[in-house]
Amino acid sequence: MAQNENLAALSAAGVSVWLDDLSRDRIQSGNLAELVATRSVVGVTTNPTIFQGALSKGHAYDAQVKALAAQGADADAAIRTITTDDVRSACDVLAGVYKSSGGVDGRVSIEVDPRFAFDAEKTVAQAIDLWKTVDRPNLFIKIPATEAGLPAITAVIAEGISVNVTLIFSVARYRSVMGAYLDGLRKAKSAGYDLAKIHSVASFFVSRVDTEIDKRLEAIGSEEALALRGKAGVANARLAYAEYQDVFDGGRHTSTYAHLSSVGANRQRPLWASTGVKNPDYSDTLYVTELVAPNTVNTLPEKTLEAVADHGEIRGDTVRGTAAEAKEVFDKLAAVGVDLGDVFDVLEREGVDKFEKSWEELLSATAEELGAAASDSAGAGPSVATQATASGPDAPAGTGSN
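So the sequence shown is numbered by the working numbering: it starts at 7 and just counts up by one.
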């Protein structure tokens, strides 16, 4: 099967194409493997909202839910088993990409419980547990870039675990994220870990920035304010890339990374997240075609992936050399009265709240399904419970780990 020309061009320009979605149906039907073969997909990201959507549709999880109910699992334990099984299976689908890319791509991300977003100790403990449970080298553990998340990032990297830092909205927070990664690498080196095996991406959210700032610009209502709609998200990401260059790509502050690189450390790549366009007035490929740069990742919802495949115009690098222009956008935003500090505080709080709400809905729905399954199988034999135990990396084909 041939790769789509537009997505192949995006990949050739230095952008790793990741899919922002995962479900058991997608894995078992062969769709994920097909996207690797025809859409240049080299990674997968998940989050609580994605899992909540996957488990609420169809019947792909019914048998495993019944087995877990027979085993006496509660909702937390069931979700942990189901989601880690899916992620492990996706890691296996992408194992070839992982090998051929030297460990850079072929990655699948799973997020720590969003209820721990402001608790570093619990975040670290669950990150280590998820890493051991999935037991695949091409896993990324997603940790939110809250204030509490920063020391957790350092601590998890220090354990030799690869991390996808998520929910980054401001350039200032992004600087702190890069610092947390470098601190973690130094500690990992001191602990004797092979730095070449530790990878990280920093997920910088894009469309949500435009959604929040556009709302404020429309409330201001002046001609100058309205002219700035739809410009902040791309400008913010371009400023972030300039910071990435400063730390990892020959800039004024690259010396720390250069020292670690000499002993095998990898750069922490910027990842453009939230790239599905929310405003129908904007191009549906805006957050892809305008954010093309080397050593980046773009994680796309399937709708955006197909839009790029159909009509995305890849014009080469659209990021390097744009920092001054991007800064002008933010100077103008401040001048018309947008409180940028408040914007980023609101976005972080709403981002955590959204994932926590999805997780709570997932817990509630799973608890109901477990209860119903337990009632239905009340007189069944022990074979169902036996099936529930066959999960994990060594489970045979046909069990919940597939």
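Virtual Cβ for every residue (Gly too), placed ideally from N, Cα, C.
Exposure label - residue i; buried when at least 16 CB within 10 Å
i, result
"Asn-285", "exposed"
"Gly-387", "Unreliable placement is indicated for Gly-387, whose pLDDT of 46 sits below 50; the coordinate value is still reported in the next sentence. Label assigned to Gly-387: exposed."
"Ser-5", "Residue 5 cannot be examined here, being either before or after the span of the chain that is shown, 7 to 408."
"Asp-220", "buried"
"Val-269", "exposed"
"Ile-226", "exposed"
"Gly-327", "exposed"
"Glu-153", "exposed"
"Asp-337", "exposed"
"Glu-117", "buried"
"Ser-280", "buried"
"Lys-72", "buried"
"Asp-119", "buried"
"Gly-318", "buried"
"Asn-10", "buried"
"Leu-234", "buried"
"Lys-237", "buried"
"Gly-190", "buried"
"Ser-168", "buried"
"Glu-296", "buried"
"Arg-321", "exposed"
"Ala-8", "exposed"
"Gly-347", "exposed"
"Leu-232", "exposed"
"Gly-357", "buried"
"Ala-158", "buried"
"Ala-246", "buried"
Identity of the residue in the options nearest residue i by Cα
i, options, result
"Ile-33", "Ile-320, Ala-60, Ser-95", "Ser-95"
"Ala-378", "Leu-245, Ala-69, Ala-225, Ile-116", "Ala-69"
"Val-283", "Gln-274, Arg-275, Tyr-293, Pro-276", "Tyr-293"
"Asn-12", "Thr-44, Phe-210, Pro-54", "Thr-44"
"Trp-278", "Phe-350, Ser-22, Val-349", "Ser-22"
"Ala-60", "Asp-345, Tyr-199, Trp-365", "Trp-365"
"Asn-301", "Ile-85, Ser-107, Ser-168", "Ser-107"
"Asp-345", "Ile-320, Ser-176, Ala-246, Gly-256", "Ser-176"
"Trp-24", "Lys-309, Asp-316, Tyr-263, Glu-354", "Lys-309"
"Glu-249", "Met-7, Leu-201, Phe-210", "Phe-210"
"Val-335", "Gly-256, Asp-287, Ala-299, Leu-223", "Leu-223"
"Glu-367", "Ala-75, Gly-36, Leu-38, Asp-82", "Asp-82"
"Arg-192", "Val-162, Ala-178, Ile-174, Asn-170", "Val-162"
"Ser-228", "Val-140, Ala-341, Asp-98", "Ala-341"
"Asp-290", "Lys-63, Ala-315, His-65, Gly-198", "Ala-315"
"Arg-355", "Gly-166, Phe-124, Lys-138, Asp-135", "Phe-124"
"Glu-375", "Gly-36, Gly-78, Leu-38", "Gly-78"
"Ala-39", "Ala-14, Val-99, Gly-64", "Val-99"
"Thr-372", "Asn-37, Ile-85, Ile-56, Gly-357", "Ile-85"
"Leu-173", "Leu-156, Tyr-247, His-259, Leu-188", "Leu-156"
"Trp-165", "Ile-134, Val-171, Arg-179, Ile-56", "A small fix is needed here, since residue 165 is Glu in this sequence, not Trp. Answer by Cα proximity: Ile-134."
"Tyr-288", "Val-47, Ala-313, Asp-200", "Ala-313"
"Gln-188", "Gln-251, Val-93, Ala-271, Ala-299", "Here residue 188 turns out to be Leu, not Gln, going by the sequence shown. Looking at the Cα atoms, Ala-271 is the closest of the given residues."
"Arg-179", "Phe-350, Asn-304, Glu-362, Thr-55", "Phe-350"
"Asp-382", "Trp-137, Glu-331, Val-103, Leu-74", "Leu-74"
DSSP bridge partner residues for residue i (one or two, in chain order)
i, result
"Ile-226", "Answer by DSSP bridge pairing: none, since Ile-226 is not bridged."
"Val-42", "DSSP output for Val-42 lists no bridge partner at all."
"Ala-279", "Phe-211"
"Trp-24", "Gly-49, Thr-305"
"Ser-206", "Val-169"
Test: residue i CB closer than 8 Å to a CB of chain D
i, result
"Thr-87", "Of the protein chains in the structure, only one exists, and it is not chain D."
### Task
Flag this pair as touching only if the region 142–157 and the region 216–224 have three or more C-beta atom pairs under 8 Å; answer yes or no.
no
### Task
Take every Cβ of the region 78–92, pair it with every Cβ of the region 123–131, and state whether three or more of those distances are shorter than 8 Å.
no
### Task
Report the residue ranges of all beta strand (DSSP E) runs contained in full by the region 293–324; include only those spanning at least 3 residues, in chain order.
You should have 302–306.
### Query
Taking only runs of the beta strand (DSSP E) that begin and end inside the region 151–182, which ones reach a length of at least 3 residues, in chain order?
169–174
#### Entry: Meets three-Cβ-pair contact criterion under 8 Å: the region 21–28 and the region 48–65
yes
### Query
Counting pairs of beta carbons, one from the region 7–21 and one from the region 103–115, are three or more of them closer than 8 Å?
no
#### Entry: Runs of alpha helix (DSSP H) wholly within the region 61–148 (minimum 4 residues, chain order)
68–77, 81–99, 101–106, 126–140
### Query
Is the region 240–247 touching the region 192–206 in the sense that three or more CB pairs, one from each, lie closer than 8 Å?
no
### Task
Spell out a yes or no on whether the region 172–184 and the region 313–333 are touching, meaning 3 or more CB-CB pairs, one atom from each, closer than 8 Å.
no
### Query
Where are the alpha helix (DSSP H) runs, 4 residues long or more, that stay fully inside the region 230–279, in chain order?
Within the region 230–279, the complete alpha helix (DSSP H) runs of at least 4 residues are 238–254, 261–267.
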